[in-house]
Amino acid sequence: MKISFKLLSATLIGTFLIFTGCSEPDAEESYNAGLPPSAKAAATQLDSAFKDVPGAESKQHSAALAGAMRQKNYEDALKSLGALRSIEVQNINQVMAVENANRRLQADILQAMEAGDPKAKRAWERMKRAGRN
4 MKISFKLLSA TLIGTFLIFT GCSEPDAEES YNAGLPPSAK AAATQLDSAF KDVPGAESKQ
64 HSAALAGAMR QKNYEDALKS LGALRSIEVQ NINQVMAVEN ANRRLQADIL QAMEAGDPKA
124 KRAWERMKRA GRN
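In my numbering, each residue's number is its place in the sequence shown (first place is 1) plus 3.
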């Protein structure tokens, strides 16, 4: 019995796809793509992006955000994030640093909430209220 090359190829490709999981990543995997691995990494990115900024106000808010993230002080981090977002940033590195800090902060707050941290719960409620305004 002869097996055609096309049939054999189709069978091998199908088997490969079944075993490698040819599905799209779930929403959590997509969201976490590019997410800084830790609050410390996000804070370091902020420090780097704002180190040569001429205005003292944006430097002050970015430093406060970075410090609050390193200390897991979620409410202060949210205040500093809001203040930093209200200032016009100068370049794409600053935009990305602020966005990455926001995403890392949200992820950290959710993880802490799941662990039962009451401060994280208050911070999450604050985020929800701020989102409605």
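Where is the CB? At the ideal position from N, CA and C, for every residue including glycine.
Quiz item: Should M72 and A52 be called a contact, given that it needs their Cβ atoms to be closer than 8 Å?
Solution: As a first step, residue 72 is located in the sequence shown; it is residue number 69 there, counting from the start. As a first step, residue 52 is located in the sequence shown; it is residue number 49 there, counting from the start. For the 8 Å CB-CB criterion, M72 and A52 do not form a contact.
Quiz item: Is it true that the segment 87-105 meets the segment 59-71, where meeting means three or more beta-carbon pairs spaced less than 8 Å apart?
Solution: The segment 87-105 and the segment 59-71 touch, with no fewer than 3 CB-CB distances between them shorter than 8 Å.
Practice problem: Return the first residue and the last residue of the alpha helix (DSSP H) that Q114 is part of. | Solution: Position 111 of the sequence shown, counted from the start, is the residue given in the question as residue 114. Going by DSSP, Q114 is part of the alpha helix (DSSP H) stretching over 95-117.
Practice problem: Identify the continuous alpha helix (DSSP H) that holds S51 and give its terminal residues. | Solution: In the sequence shown, residue 51 corresponds to position 48, counting from 1. Unbroken alpha helix (DSSP H) run through S51: 42-53.
Quiz item: Among G58, A100, L108, which has the Cα closest to the Cα of K82?
Solution: By 1-based counting over the sequence shown, the position of residue 82 is 79. Of the listed residues, the one whose Cα sits closest to K82 is L108.
Quiz item: Where does E91 fall in DSSP's three states?
Solution: Position 88 of the sequence shown, counted from the first residue, corresponds to residue 91. Note: E91 maps to coil in three-state DSSP.
Quiz item: Helix or strand or just coil, what does DSSP make of L81?
Solution: Taking the first residue of the sequence shown as 1, we reach residue 81 at position 78. Looking at L81 - three-state DSSP - the assignment turns out to be helix.
Exercise. Output yes or no for whether 8 Å exceeds the beta carbon distance between L38 and A100.
Key: Within the sequence shown, residue 38 is the residue found at index 35, counting from 1. Within the sequence shown, residue 100 is the residue found at index 97, counting from 1. Not in contact: L38 and A100 (Cβ atoms no closer than 8 Å).
Self-check item: For G70, the first and last residue of its enclosing alpha helix (DSSP H)
Solution: Numbered from its first residue, the sequence shown carries residue 70 at position 67. 59-73 is the extent of the alpha helix (DSSP H) around G70.
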